[in-house]
Amino acid sequence: MTSSDKPVVVGIDGSGSAINAARWAGGVAEKFGAPLHIVYALPTLGRNLSQTAAAITAATMSYQQDSADLYLKAAADAVRSERAGLTITTASVNEPADEALIEASRTAQLVVLGGKSVTPAAAVLVGSVSLAVATRSACPVVAFRGDAVAPGDGRVVVGVDDSPAAAAAQAAAFAFAERFGASLTAVRSLSLTPPPEAGVTIPFLIDWEGLEAAELVSLAAAVEAENTKHPSVEAECFVELESPGKAILKHASGAQLIVVGTRGRGAVVGTLLGSTSLNMLHHSPVPVLICRSAES
132 MTSSDKPVVV GIDGSGSAIN AARWAGGVAE KFGAPLHIVY ALPTLGRNLS QTAAAITAAT
192 MSYQQDSADL YLKAAADAVR SERAGLTITT ASVNEPADEA LIEASRTAQL VVLGGKSVTP
252 AAAVLVGSVS LAVATRSACP VVAFRGDAVA PGDGRVVVGV DDSPAAAAAQ AAAFAFAERF
312 GASLTAVRSL SLTPPPEAGV TIPFLIDWEG LEAAELVSLA AAVEAENTKH PSVEAECFVE
372 LESPGKAILK HASGAQLIVV GTRGRGAVVG TLLGSTSLNM LHHSPVPVLI CRSAES
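In terms of the working numbering, the sequence shown is residues 132 to 427.
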């Protein structure tokens, strides 16, 4: 993320959490010198309807549009009350939320997904929308979690492996931390159980302490390389003998943001694909910034 005219886009529904997401996104937009664009996706209705059904549908659409206008105004007013100088635009779109936000991402520098808190029952649906946007978005994506109404100087936690996506996540994490005067915690997972797709087994006898030390040296070198571009950021490194999701969430307490990559051959991949991704969406107490590499 950089200062530019590209907007920060936030997708909302009618929930209080979405208003908080808009306020949080407004804080990011202001800090990066960007405008804020608030989007509400109208529920899509069927086609080829009878006259009676069409009349009912028209009335329903009118009601939904009125509701959308109210939701957008409430979100914009909430942001303006805190950031009077911020340029804010709004739009309601008659298409699925993921498609609307993916399209908006083409001209945005960040997309924020605001909505109801994720419950176990809703995790699959919400996760699928979040992952659809994250994997197809042209810019980084934030899945808003928690109840923060503005970014601050709390720690930024980033998951790091050897993938291009993790490098992109690390760069974004340092940029965010620098703008907000925050420290950074870099976490690498050294899982005792390799992912099934790896097609390997871990030997029973292995020097785990030595391996952990070597991984910490490698992680520190990667972090130092990025830290030189953002010298004001205080960074620390941790290697955890946990799965990627658990390793990252272990450091979530007291943090303001978690940053992860979406692709690669290492540990961070599992964080946002499959069941671990839903675990992150459900359990993260703070917003999750999802980054893709330029080549993905």
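Here a beta-carbon is modelled for each residue, glycine too, at the ideal position from N, C-alpha and C.
| Query | Result |
| --- | --- |
| Terminal residues of the continuous alpha helix (DSSP H) containing Pro173? | The amino acid occupying residue 173 in the given sequence is Leu; Pro does not appear at that position. Counting along the chain, Leu173 falls outside any alpha helix (DSSP H), and DSSP gives it neither H nor E. |
| At the level of alpha carbons, what is the spacing between Ala205 and Glu340? | 54 Å |
| For the segment 268–280 against the segment 366–376, are there 3 or more C-beta pairs whose distance is under 8 Å? | no |
| Which of helix, strand or coil does DSSP assign to Thr75? | As shown, the chain starts at 132 and ends at 427. That puts residue 75 outside it, with no answer to give. |
| Using a 10 Å radius around the Cβ and a threshold of 16 neighbouring Cβ atoms, would you call Leu350 buried or exposed? | buried |
| In the structure shown, what three-state DSSP assignment does Leu148 receive? | Just to set this straight, residue 148 is Ser in the shown sequence, not Leu. It is helical. |
| Looking at C-alpha atoms only, which residue of Val318, Arg214, Thr221, Ser212 is the closest neighbour of Tyr202? | Thr221 |
| Buried or exposed: Gly164, going by 16 or more other Cβ atoms within 10 Å of its Cβ? | exposed |
| Taking all protein chains shown into account, do 16 or more other C-beta atoms lie within 10 angstroms of the C-beta of Ala296, making it buried, or fewer, making it exposed? | buried |
| Got a sec? Which residues, its chain only, sit under 6 Å from Ala149 by beta carbon, not counting five neighbours each side? | Ile143, Gly245, Gly246 |
| Can you tell me which residues form a DSSP beta bridge with His168? | Val140, Thr220 |
| For Thr92, is the classification buried or exposed, using 16 other Cβ atoms within 10 angstroms of its Cβ as the cut-off for buried? | Because the chain here runs from 132 to 427, residue 92 falls outside it and cannot be looked at. |
| May I ask you to report which of helix, strand or coil DSSP gives Gln387? | strand |
| Mind checking Val348: buried by the 16 CB within 10 Å criterion, or exposed? | exposed |
| Can you tell me whether Phe275 is helix, strand or coil according to DSSP? | coil |
| Give the straight-line distance between the Cα atoms of Thr266 and Ala172, rounded to the nearest whole angstrom. | 19 Å |
| Would you verify that the beta carbon of Gly145 is, or is not, closer than 9 Å to some beta carbon of chain C? | In the displayed structure, chain C is absent; only one protein chain is listed. |
| Among Asp278, Glu357, Ala344, Pro138, which one has its Cα closest to the Cα of Gln387? | Asp278 |
| Run the CB neighbour count on Leu262, radius 10 Å, all protein chains shown included, and call it buried at 16 or more, exposed below. | buried |
| Starting from the C-beta of Ser135, find all residues in its chain whose C-beta is less than 8 Å away, skip the five residues before and the five after it, and write them out in chain order. | Phe163, Gly164, Ala165, Gln240 |
| Out of curiosity, what's the CA-to-CA distance linking Pro362 and Ser212? | 34 Å |
| If you draw a straight line from the C-alpha of Gly157 to the C-alpha of Leu342, how long is it? | 43 Å |
| How should Gly392 be labelled, buried or exposed, when 16 other C-beta atoms within 10 angstroms of its C-beta is the threshold for buried? | buried |
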